[in-house]
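K.L.:
In this note's numbering, the protein residues as written are 83 to 216.
Think of the CB as a built atom: it goes at the ideal place given N, C-alpha and C, for glycine as much as any other residue.
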C-alpha cells in the first residue's frame, strides 16, 4: 500500500509536532495571541483542551497527506517541498479560509493572520518531511 509504505509515520508525527509548536508560538500572547483574541472576541484561553485536540488531529491529517504528496511528486530538495507546500496552501487551505471572510464575515486581518500561520506551518512540515531520513 503506497500510503503506508512510502510515508514515515515518525516523520509525520515530528512534522505535526513542529506545526503545533509553531501554532503555540504564533498564537502566544507575546506574539500574535492577544491580537488574535481581540479579532476573534475570545476573552480567555482557558479550557481550550478540546480545541487543541481537534487542532492536533487536523494537523496530523494535513501533515500525513502532505507527506503523501511529497512522495508522489518525488521532491528532492527543501525548496521543492516548500513549493509543494505553497501549492497545497494556495489551492486548499487559503481558499477555505477565504470563504470565512465572504460568508461568515471574518475580519480580513484575522484571515491574514490565520492564513499566514497556515502557510508557514505547511512549509515547516514540508521541510521536516523532506529532510527526514528514509
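Which runs of the alpha helix (DSSP H) at least 4 residues long sit entirely within the stretch 144-177? Give them in chain order.
P.N.:
The stretch 144-177 contains these whole alpha helix (DSSP H) runs: 160-170.
K.L.:
Report buried or exposed for residue 122, applying the criterion of at least 16 other Cβ atoms within 10 angstroms of its Cβ.
P.N.:
With fewer than 16 other Cβ atoms within 10 Å, it is exposed.
K.L.:
In terms of residue numbering, what span does the alpha helix (DSSP H) encompassing residue 114 cover?
P.N.:
No alpha helix (DSSP H) holds residue 114; DSSP gives it neither H nor E.
K.L.:
Quick check: residue 199 and residue 163, are their CB atoms within less than 8 Å of each other?
P.N.:
It is not a contact, given that the beta carbons lie outside the stated cut-off.
K.L.:
Is the stretch 166-179 in contact with the stretch 96-106, if contact means three or more CB pairs nearer than 8 Å?
P.N.:
With a cut-off of 8 Å, the stretch 96-106 and the stretch 166-179 do not count as touching, because too few Cβ pairs lie within range.
K.L.:
Could you tell me the alpha carbon to alpha carbon distance between residue 150 and residue 88, rounded to whole angstroms?
P.N.:
Rounded to the nearest angstrom, the two C-alpha atoms are 8 Å apart.
K.L.:
Figure out for me which residue from 143, 201, 126 and 110 has the closest Cα to the Cα of residue 95.
P.N.:
It is 143 whose Cα lies nearest to the Cα of residue 95.
K.L.:
Quick check: the Cα distance between residue 108 and residue 156, rounded to an integer number of angstroms?
P.N.:
Looking at the two C-alpha atoms, the distance is approximately 31 Å.
K.L.:
With a cut-off of 8 Å, do at least 3 Cβ pairs link the stretch 178-195 to the stretch 113-132?
P.N.:
Yes, since at least three Cβ pairs between the stretch 178-195 and the stretch 113-132 fall closer than 8 Å, the two stretches touch.
K.L.:
Should residue 210 go down as buried or exposed, given a rule of 16 or more other Cβ atoms within 10 Å for buried?
P.N.:
That one is buried.
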